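Protein chains: 2
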Amino acid sequence: MPGNRPPGRGAAGKTMKSATKSKVGRELADVDFGRLPSYIGYQLRQAQSAMFRDISRTLRETGVTPGEFSLLTMLRANPGINSITLTRIYQLDKATLSLSIKGLAKRGLISSTRHANDRRYYALELTGDGRVLLRGVTRRIEQQERAMDAVLKPGERARLLDLLQRISRAFDR
Amino acid sequence: MPGNRPPGRGAAGKTMKSATKSKVGRELADVDFGRLPSYIGYQLRQAQSAMFRDISRTLRETGVTPGEFSLLTMLRANPGINSITLTRIYQLDKATLSLSIKGLAKRGLISSTRHANDRRYYALELTGDGRVLLRGVTRRIEQQERAMDAVLKPGERARLLDLLQRISRAFDR
DNA sequence: TATTGTTATACTCTATAACTATA
DNA sequence: TATAGTTATAGAGTATAACAATA
Chain P
10 MPGNRPPGRG AAGKTMKSAT KSKVGRELAD VDFGRLPSYI GYQLRQAQSA
60 MFRDISRTLR ETGVTPGEFS LLTMLRANPG INSITLTRIY QLDKATLSLS
110 IKGLAKRGLI SSTRHANDRR YYALELTGDG RVLLRGVTRR IEQQERAMDA
160 VLKPGERARL LDLLQRISRA FDR
Chain E
10 MPGNRPPGRG AAGKTMKSAT KSKVGRELAD VDFGRLPSYI GYQLRQAQSA
60 MFRDISRTLR ETGVTPGEFS LLTMLRANPG INSITLTRIY QLDKATLSLS
110 IKGLAKRGLI SSTRHANDRR YYALELTGDG RVLLRGVTRR IEQQERAMDA
160 VLKPGERARL LDLLQRISRA FDR
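Heads up: the sequence lines are chains P and E, in that order. Residue numbers are given in the numbering used here: position 43 of the first sequence equals residue 52, and the series is strictly consecutive. Residue numbers are given in the numbering used here: position 91 of the second sequence equals residue 100, and the series is strictly consecutive.
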């Protein structure tokens, strides 16, 4: 792996007109992050943004967002699930989920059929197209996960997953 | 700590009209998450959302968002920093940051003064009001961080911070 | 009355493009 | 020409409120 320092993009690498580096065009290495790096909230956000930016780029050509991937995966594992159950899982408003579901249905990736016993519910399911697309998306997602393993030492993935799960639960509501 | 299972909100606790629990009104415990829980990307997002929701509630009365807290902290530690350097840190577009800065300036929390040597730059700084407000916000942030420590065993905070930092760096671009 | 779901609306966060000013 | 910064605009993703259908 190349060097540890942030890549000197932009101003950093350019010719300097004076011997003492001018304060204007400050290098990243000169920046004081204060207590920020010691905060779990901060580091969690940075790591999540970085991974999210990366996977969004990778999934762009599939037309599926990371959130939609998660939703499709839940539908594959739980055919017939309804949107209220999904709101509890994702802690999203039913109106928000309704829009996501509409988007996936409009693209023919999922179907929504009224429940026979209780006609207030719609049973959600992957279509054939949805299943096929999900396979490709899952392959890309798991490629990224394997790239993560290149950064982690043996056992660290399991420890990290455990820690993250405990944080989620701590704020369960 | 109370039980490990997700709290049985909503449909779960209600009276059941039949002995065999109807599939409609599925409990969270019945849901199959597939491979989702084994993905770092997924768990990272869940943990980050949970922490973010919590801290947003806490900060609401201060009128400062988590992102603004981070920005104010950077300005306290680096008085005179300019917005281009901040875009490199946060990997945000300069237009995006321009809006955040305008918002903080309009509330009198930061000042923006043109640099004498190179008048293209604006040196950003906290105002007195900004400094006072930041103290209160930091207190709340650090309360949340201490709440995290109640969930973590000794040494786990350091290990988690290290793992998260390595993930951020892995996707540095 | 309560629950599932939709639609209208608005707010936040973000990027892209076009611009001004300064170098 | 290149860089710092602003503004206009648009697209995600989200919530709230009001509504319809069903129980």
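Cβ atoms here follow ideal geometry from the backbone N, Cα and C, with glycine treated the same way. Given the structure is predicted, the values throughout are model-derived calculations rather than measurements.
Can you check DSSP and say which residues form a bridge with residue 119/P? 135/P
Applying the 10 Å Cβ sphere with the 16-neighbour rule, what's the burial state of residue 156/P? exposed
Excluding the 5 residues preceding and the 5 following residue 45/P in the sequence, name in chain order all residues of the same chain whose CB lies nearer than 7 Å to its CB. 51
Check whether chain P comes within 8 Å of residue 43/E, counting only Cβ atoms and requiring the distance to be less than that. yes
Beta-carbon contacts of residue 93/E that lie in its chain and below 7 Å, excluding the five residues immediately before and after: For residue 93/E, the CB contacts under 7 Å within the same chain, skipping 5 residues up- and downstream, are 103 in chain order.
Just to check my reading of the structure: residue 136/E and residue 117/E have Cβ atoms closer than 8 Å, yes? What is that Cβ distance to the nearest angstrom? Cβ atoms of residue 136/E and residue 117/E come within 8 Å of each other, at about 6 Å.
Please list the partners that residue 170/P has in chain E, where partner means a Cβ-to-Cβ separation under 8 Å. 46, 47, 49, 52
Answer yes or no: do residue 98/E and residue 133/E have a C-beta to C-beta separation smaller than 8 Å? no
Skipping 5 residues on each side, what residues in its chain have a beta carbon closer than 8 Å to that of residue 62/P? none
Rounded to the nearest angstrom, what separates residue 41/P and residue 166/E at their Cα positions? Cα-Cα distance, rounded: 21 Å.
Below 9 Å on C-beta distance, what does residue 152/E contact in chain P? Within chain P, no residue comes near residue 152/E; the closest Cβ sits about 11 Å away, beyond 9 Å.
Taking the alpha helix (DSSP H) that residue 76/E falls in, what are its first and last residues? In the DSSP assignment, residue 76/E falls within the unbroken alpha helix (DSSP H) covering 75-86.
Tell me, please, which residues DSSP counts as bridged to residue 64/E. Answer is none; residue 64/E lacks a bridge partner.
Taking all protein chains shown into account, do 16 or more other C-beta atoms lie within 10 angstroms of the C-beta of residue 139/E, making it buried, or fewer, making it exposed? buried
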